[in-house]
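Residue numbers (my numbering), protein chains in the order written: chain A, 700 to 955; chain B, 2 to 247.
Here the structure comes first, spelled out in structure tokens, and everything after it is commentary.
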Amino acid sequence: MNAQNAMVYVEDVHKKFGHLEVLRGITLEVQKGQTIVIIGPSGSGKSTLLRCINHLEKVDSGRIYLEGHLVGYKEVNGRLVELPPKAVARQRAEIGMVFQRFNLFSHMTALENVIEAPIHVRGVPKKQAIEEGLSLLSKVGLADKANSYPSQLSGGQQQRVAIARALAMHPKVMLFDEPTSALDPELVGEVLTVMENLAYEGMTMIVVTHEMGFAREVADEVVFMDHGVILEQGKPEDIFSNPQHERTRTFLRAIL
Amino acid sequence: MNFDPAIFWEYLFHPSIVRGAELTIFLSVVSQLLGILLGLVAALGRISHSRIPVFRWISGFYIWLFRGTPLLVQIIFVYFAIPQLTNQRVVIPEVPSAIIALSLNEGAYMAEIIRAGILSVEGGQMEAALSLGMTRWLAMRRIILPQAIRIIIPPTGNEFISMLKNTSLVAVISAHELLFATQEIYSATFRYFELLTIASLWYLAMTTVASYLQGKLERRFERGFVREPQAVGFFGRMMAGALRRG
């Protein structure tokens, strides 16, 4: 099994909300440095899958591994037992997440947002956290906005701060949950550029998006999800020019 | 008309009245602070995610009990009923009795105010904090509560103003607060009008200062949030505050 070598290995994950089965047996392998783009109609379970990977949602069955370690659970006599909150928190610190609605801390400046977790979760000295935070902010092109509050920033700027905030924890993998869906069209580009650079630097990324240009250019692999299963998976050129599945064809026709 | 200005001026700053006002302020501040503390614990209990529902039950019971019975009954209960129940082994003096009853009662109301404040913070804030590796408690302390405070302050200001007035109820257990001091004097002089006017002016002075302080606190916790246009001047702000509350 490749589970030990993969950065993220999702194995036959099932998840129900009430009677609705949102994930119906997902298996996915992400190697270190890969960028995986997940596409699919809304309600297909893409976001839920991301939220299971950092254990914001519990799984009903199946397993998720980060570098070979179970995420959110330990195995006792073949059964999954949820880890105590502190242990889950330690694992989440290794997994960066960027949300559709940015979710910057409204009462903190951009810089304070970025240094909050390094200082209070990792115990990084404040001076060092600030230095690193400022360099992350300039990396996403926002050095001059360090002292601005989220309410004073555009959506694109907020999302770039959110990316810097996640990067400040030196995550092993970054999850992007429709990072540009809440943005005005003219602001999408600046966020995608930051993500593209991250991918080229070798960050492991799992990206849920409707930006097919980004998928085509940056993804090592594109995954098409529908109704809680992975219908198709492959190189972007194969998925986009030669989709095997009728549903993939319909979806791509509608969105392109 | 039978209003004697001489009596009025004689008693307006009478040492007994001033001492009464001092105790009123002391009772109000201490009970309000304890009430906020109790309220915070009860609010966190009510929204606890713990799989053991005991915290939710205890908090729910506490709020139900102290919000559902009259404050006056609670005051008399602590002062008279507890000694009887314990055959006079536990006798609590007036001032501590007053503080116990006032803060337990206040805590039940503050619990709901604080809970509403916490719930008003967008759910995404907690998720973002968790995703960065914070525990629920750290996220509550660093991310949620600092934002909830903005919502919590205005109704807490209301609570404190009510508290200043509600302390007059502890006159029934002979705690020497402002109303009791007033009563002592008018039962000897029969000058009800003058003395009750004096008491009212003192209460008005205290509640006015309290609402001024509330305004200052509100402005301190607006960090990062867009400010509403401000009404001009102190009375303008008071009117705006009254309209908002109305």
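Beta carbons are placed, not taken as given, at the ideal position from N, Cα and C, and that holds for glycine.
All figures in this text were calculated on a predicted structure; none of them were measured in a lab.
Opening and closing residue of the beta strand (DSSP E) in which residue 708 of chain A lies
That run of the beta strand (DSSP E) goes 707-716.
Around the C-beta of residue 193 of chain B, are 16 or more other C-beta atoms found within 10 angstroms, so that it is buried, or is it exposed?
Exposed, since its Cβ has fewer than 16 Cβ neighbours within 10 Å.
Looking at the C-beta of residue 950 of chain A, does it have a partner C-beta in chain B at a distance below 7 Å?
no
Sheet register partners of residue 795 of chain A (DSSP bridge)
A/873
Should residue 753 of chain A be flagged as near chain B, meaning a C-beta pair shorter than 7 Å?
yes
Could you tell me which residues DSSP pairs with residue 904 of chain A in its beta bridges?
A/734 and A/873
Only counting the same chain, and skipping five residues up and downstream in sequence, which positions put a Cβ closer than 6 Å to that of residue 111 of chain B?
36, 37 and 40
By how many angstroms is the C-alpha of residue 775 of chain A removed from the C-alpha of residue 936 of chain A?
43 Å
For residue 148 of chain B, which residues of its own chain have a beta-carbon under 6 Å away from its beta-carbon, when the five flanking residues on both sides are left out?
In chain order, 122 place their CB closer than 6 Å to the CB of residue 148 of chain B, counting only its own chain and leaving out the 5 sequence neighbours on each side.
Contact with chain A by residue 133 of chain B, beta-carbon distance below 7 Å:
yes
7 Å Cβ cutoff met for residue 729 of chain A and residue 927 of chain A
no
Please say whether residue 179 of chain B and residue 203 of chain B have beta carbons closer to each other than 7 Å?
yes
Counting contacts by CB-CB distance shorter than 7 Å, is residue 136 of chain B in contact with chain A?
yes
For residue 821 of chain A, name the three-state secondary structure that DSSP assigns.
helix
Using only alpha-carbon positions, find the residue among A/819, A/736, A/867 and A/719 that is nearest to residue 795 of chain A.
A/867
Ignore the nearest five residues each way along the sequence and tell me which others in residue 61 of chain B's own chain have a CB closer than 7 Å to its CB.
47
With DSSP collapsed to three states, give me the class of residue 932 of chain A.
strand
Chain A beta carbons: is any one of them nearer than 7 Å to that of residue 224 of chain B?
yes
Rounded to a whole number of angstroms, what is the C-alpha to C-alpha distance between residue 735 of chain A and residue 800 of chain A?
21 Å
Within-7 Å CB hit, residue 144 of chain B to chain A:
At a cut-off of 7 Å, the C-beta of residue 144 of chain B has a neighbouring C-beta in chain A.
Does the Cβ of residue 87 of chain B have 16 or more other Cβ atoms within 10 Å, making it buried, or fewer, making it exposed?
exposed
Runs of alpha helix (DSSP H) wholly within the region 169-197 of chain B (minimum 4 residues, chain order)
179-190
Nearest-angstrom Cβ-Cβ length linking residue 95 of chain B and residue 153 of chain B, presumed shorter than 8 Å
The beta-carbon separation of residue 95 of chain B and residue 153 of chain B, rounded to 31 Å, does not stay under the 8 Å limit for a contact.
Chain B beta carbons: is any one of them nearer than 7 Å to that of residue 788 of chain A?
Taking Cβ atoms only, chain B reaches closer than 7 Å to residue 788 of chain A, which makes this a yes.
Do residue 13 of chain B and residue 199 of chain B have their beta-carbon atoms positioned less than 7 Å apart in this structure?
yes
What's the C-alpha gap between residue 846 of chain A and residue 831 of chain A?
15 Å
Closer than 7 Å between beta carbons: that is the criterion. Which residues of the region 147-158 of chain B meet it against chain A?
147 and 148
Could you name each continuous beta strand (DSSP E) segment of 3 residues or more that falls completely within the region 739-823 of chain A, going from the start of the chain to the end?
760-765, 772-775, 778-781 and 794-797
Residues bridged to residue 728 of chain A by DSSP?
A/708
Go through its chain and collect everything with a Cβ distance to residue 740 of chain A's Cβ below 8 Å, but skip five positions before and after it.
925 and 950
By how many angstroms is the C-alpha of residue 162 of chain B removed from the C-alpha of residue 786 of chain A?
45 Å
Supposed contact pair residue 215 of chain B and residue 107 of chain B - C-beta distance, whole angstroms, cut 8 Å
That belief does not hold up - the Cβ atoms of residue 107 of chain B and residue 215 of chain B are roughly 16 Å apart, past 8 Å.
Pull up the CB-CB distance for residue 137 of chain B and residue 15 of chain B, whole angstroms please, since I reckon it's below 8 Å.
Not quite, the Cβ-Cβ distance comes to about 54 Å (not below 8 Å), so this is no contact.
For residue 161 of chain B, which of helix, strand or coil comes out of DSSP?
The answer is helix: DSSP assigns residue 161 of chain B an H, G or I state.
Does residue 720 of chain A come out as helix, strand or coil in the three-state DSSP assignment?
The answer is strand: DSSP assigns residue 720 of chain A an E or B state.
Taking C-beta to C-beta, are residue 923 of chain A and residue 908 of chain A nearer than 7 Å?
Here residue 923 of chain A is not near residue 908 of chain A, since their CB atoms are 7 Å or more apart.
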